[in-house]
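A.B. asks:
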Amino acid sequence: MPHALLVSGSLGQGHDVMARACADSLEARGWTTSTVDAMALLGQRAGNAGEAVFRRLLDLPGVYDAFHFSALRPGARIALLADAAARRRLVPAVRALLAEQRPELVVSVFATATSAVNHLRGDPPAFRHLVLCTDVTPHRLWVQDGTDLFLVTSEVAACGVRRYRPDAPVAVLPAPLRAPFYHPPSRAEARERLGLPPDARCVLLMSGAWGLGPLARTAAELADAGPHVLAVAGSNTELERRLRRAATHRPRLHPFGWTDQVPALMAAADLVVTSSGDTCSEARALGRRLLLLDVVQGHGRDNLQHELELGHADVVSARPTEVVRSALTALTRPEPSPSPGATPDGWRTGFTAALARVGLA
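Rendered as structure tokens:
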């Protein structure tokens with residue numbers, strides 16, 4: 012059976028979701044797959060240091076914005092040097108994986124991996140290399156010479172790729188969703204499962220796997236204002252503790268840590284308050300209005316603007332009082348219809364066509 016190696020990255024959950032979507036599609040066609048974490052391939056010390064630096068950049072207002080827009084996007088010298096340093100660490104680990112697994116296909120869903128993979132393709136290439144990026148404006152490190160095909164989820168992103176490689180082969184596909192979002196429960200079913208009143212106003216509050224922003228205060232103030240609040244902390248254990256403390260005397264506040272119930276939580280909600288990212292595609296698939304928290308710097312600013320352009324979304328700062336005011340107003344607005352493209356067929360058809368373009372049909 013043909014084999015594919017998928018290279019993800021542990022900075023947030025979105026990369027793993029995209030890797031899983033590719034793996035599911037390939038396995039349905041008879042392929043075997045394996046997925047590796049590029050951050051882990053850097054080595055424990057370097058990987059942990061890289062994650063710590065990224066988190067610190069996000070914590071400092073404007074710092075990651077400056078790095079993204081002045082270094083990553085134009086491909087400034089500092090960004091290319093950082094990429095070269097990561098490539099030197101990744102090449103030996105990736106070479107060992109390629110020798111062991113001998114894949115016909117490598118799919119990179121994390122920018123740090125792309126140049127290392129292309130460095131090892133050989134002449135003639137020993138495998139095909141696809142890059143999948145769901146950001147609306149891929150930065151310079153995503154777009155490396157040697158990639159066979161770039162998979163993006165909007166025409167704007169295709170233009171972003173061609174900024175660096177005017178002749179780049181690009182395919183625009185619908186954003187893949189986690190399988191439960193293709194067959195979600197009804198609002199009534201989800202509320203019954205979660206023990207929520209069938210006719211109450213309900214808000215889902217989350218902000219990525221790391222729980223960015225002052226979500227505990229926001230959840231408390233929003234619950235005090237009347238709606239039921241489903242607050243998800245993700246992997247942020249300190250935020251989960253704060254949410255559970257705030258919920259002890261607030262019956263309308265329902266805290267969650269890391270959970271696989273997000274499809275049901277979203278189905279139960281009237282409004283999804285979240286940061287920009289792949290959660291937005293999931294909310295649109297279920298026909299839920301979005302209130303976007305402006306908390307993700309750099310590529311998050313671009314993604315947020317794109318979501319606003321798609322409609323049925325508003326934006327607000329992360330200040331709790333402003334979130335409450337905007338959420339209460341958003342709850343009075345009409346609910347959109349589920350996205351017509353939110354079916355597995357759109358992604359599967361596009362991914363099959365992408366494989367055919369690189370000779371792997």
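In the numbering used here, the protein residues as written are 12 to 372.
For each residue, glycine too, the CB sits at the ideal point set by N, CA and C.
Whose CA, out of Met277, Ala341, Val18, lies closest to the CA of Val120?
C.D. replies: Position 109 of the sequence shown, counted from the first residue, corresponds to residue 120. That would be Val18, whose Cα lies nearest to the Cα of Val120.
A.B. asks: Since Thr46 and Leu37 should fall inside the 8 Å C-beta cutoff, what is the C-beta to C-beta distance between them, to a whole number of angstroms?
C.D. replies: For the purposes of this step, residue 46 is identified with residue 35 of the sequence shown, where counting begins at 1. For the purposes of this step, residue 37 is identified with residue 26 of the sequence shown, where counting begins at 1. Their Cβ separation, rounded to whole angstroms, is 11 Å, which puts Thr46 and Leu37 out of contact at 8 Å.
A.B. asks: Which class does Val183 belong to by DSSP, given the choice of helix, strand or coil?
C.D. replies: Residue mapping note: residue 183 aligns to position 172 of the sequence shown, counting from 1. If DSSP states are grouped into helix, strand and coil, Val183 belongs with the strands.
A.B. asks: So who's on the other strand from Ala324, going by DSSP bridges?
C.D. replies: Position 313 of the sequence shown, counted from the start, is the residue given in the question as residue 324. Leu301, per the DSSP bridge assignment.
A.B. asks: Please state whether DSSP places Asp94 in a helix, a strand or coil.
C.D. replies: Here residue 94 refers to the residue found at position 83 of the sequence shown. In the structure shown, Asp94 sits in a helix (DSSP, three-state: H, G or I).
A.B. asks: State whether the stretch 218-233 contacts the stretch 313-326, with contact taken as three or more CB pairs (one from each stretch) at a distance under 8 Å.
C.D. replies: As far as the Cβ criterion goes, the stretch 218-233 does not touch the stretch 313-326, which means the pair count is below three.
A.B. asks: Could you spell out where the alpha helix (DSSP H) holding Ala341 opens and where it closes?
C.D. replies: As a first step, residue 341 is located in the sequence shown; it is residue number 330 there, counting from the start. Note, Ala341: alpha helix (DSSP H), 331-341.
A.B. asks: Whose C-alpha, out of Arg98, His260, Gly73, Ala201, is nearest the C-alpha of Leu297?
C.D. replies: Within the sequence shown, numbered from 1, the residue matching residue 297 stands at position 286. Nearest C-alpha to Leu297: Ala201.
A.B. asks: Return yes when the Cβ of Arg174 is within less than 8 Å of the Cβ of Asp159, no when it is not.
C.D. replies: Numbered from its first residue, the sequence shown carries residue 159 at position 148. Numbered from its first residue, the sequence shown carries residue 174 at position 163. No, they are not a contact pair.
A.B. asks: Can you give me the C-alpha to C-alpha distance between Val177 and Gly171, rounded to a whole angstrom?
C.D. replies: Residue mapping note: residue 177 aligns to position 166 of the sequence shown, counting from 1. Residue mapping note: residue 171 aligns to position 160 of the sequence shown, counting from 1. As written in the sequence, residue 177 is Pro, which differs from the Val given in the question. Using only the alpha carbons, I get a separation of about 10 Å.
A.B. asks: Beta strand (DSSP E) containing Val240: first to last residue?
C.D. replies: Here residue 240 refers to the residue found at position 229 of the sequence shown. Val240 -> beta strand (DSSP E) spans 239-243.
A.B. asks: Please classify Pro191: does DSSP put it in a helix, a strand, or coil?
C.D. replies: For the purposes of this step, residue 191 is identified with residue 180 of the sequence shown, where counting begins at 1. DSSP places Pro191 in helix when its eight states are reduced to three.
A.B. asks: I'd like the span of the beta strand (DSSP E) that includes Ser36, first residue to last.
C.D. replies: For the purposes of this step, residue 36 is taken as the residue at position 25 of the sequence shown. Looking at the DSSP string, Ser36 is not in any beta strand (DSSP E); the run it does join, the alpha helix (DSSP H), is 25-39.
A.B. asks: Skipping 5 residues on each side, what residues in its chain have a beta carbon closer than 8 Å to that of Ala182?
C.D. replies: Residue 182 sits at position 171 when you count from the first residue of the sequence shown. Closer than 8 Å at Cβ, skipping near neighbours: Leu160, Phe161, Leu162, Val163, Gly361, Ala364, Ala365, Arg368.
A.B. asks: DSSP three-state call for Asp48: helix, strand or coil?
C.D. replies: Taking the first residue of the sequence shown as 1, we reach residue 48 at position 37. Correct three-state label for Asp48: strand.
A.B. asks: Glu166: which of Pro180, Val147, Ala280 sits nearest, CA to CA?
C.D. replies: Numbered from its first residue, the sequence shown carries residue 166 at position 155. Answer by Cα proximity: Val147.
A.B. asks: Considering Cα atoms alone, identify which of Arg99, Trp42, Glu293, Val334 is closest to Asp305.
C.D. replies: Taking the sequence shown and counting its residues from 1, the one referred to as residue 305 is at position 294. Of the listed residues, the one whose Cα sits closest to Asp305 is Val334.
A.B. asks: In terms of alpha-carbon separation, which member of Arg253, Ser246, Gly157 lies closest to Pro180?
C.D. replies: For the purposes of this step, residue 180 is taken as residue 169 along the sequence shown, with counting starting at 1. Residue Gly157 is the option with its Cα nearest to Pro180.
A.B. asks: For Ala97, which residues from the same chain have a beta carbon less than 6 Å from its beta carbon, with the 5 sequence-adjacent residues on both sides left out?
C.D. replies: For this step, residue 97 is matched to residue 86 along the sequence shown. Hits under 6 Å: Thr123.
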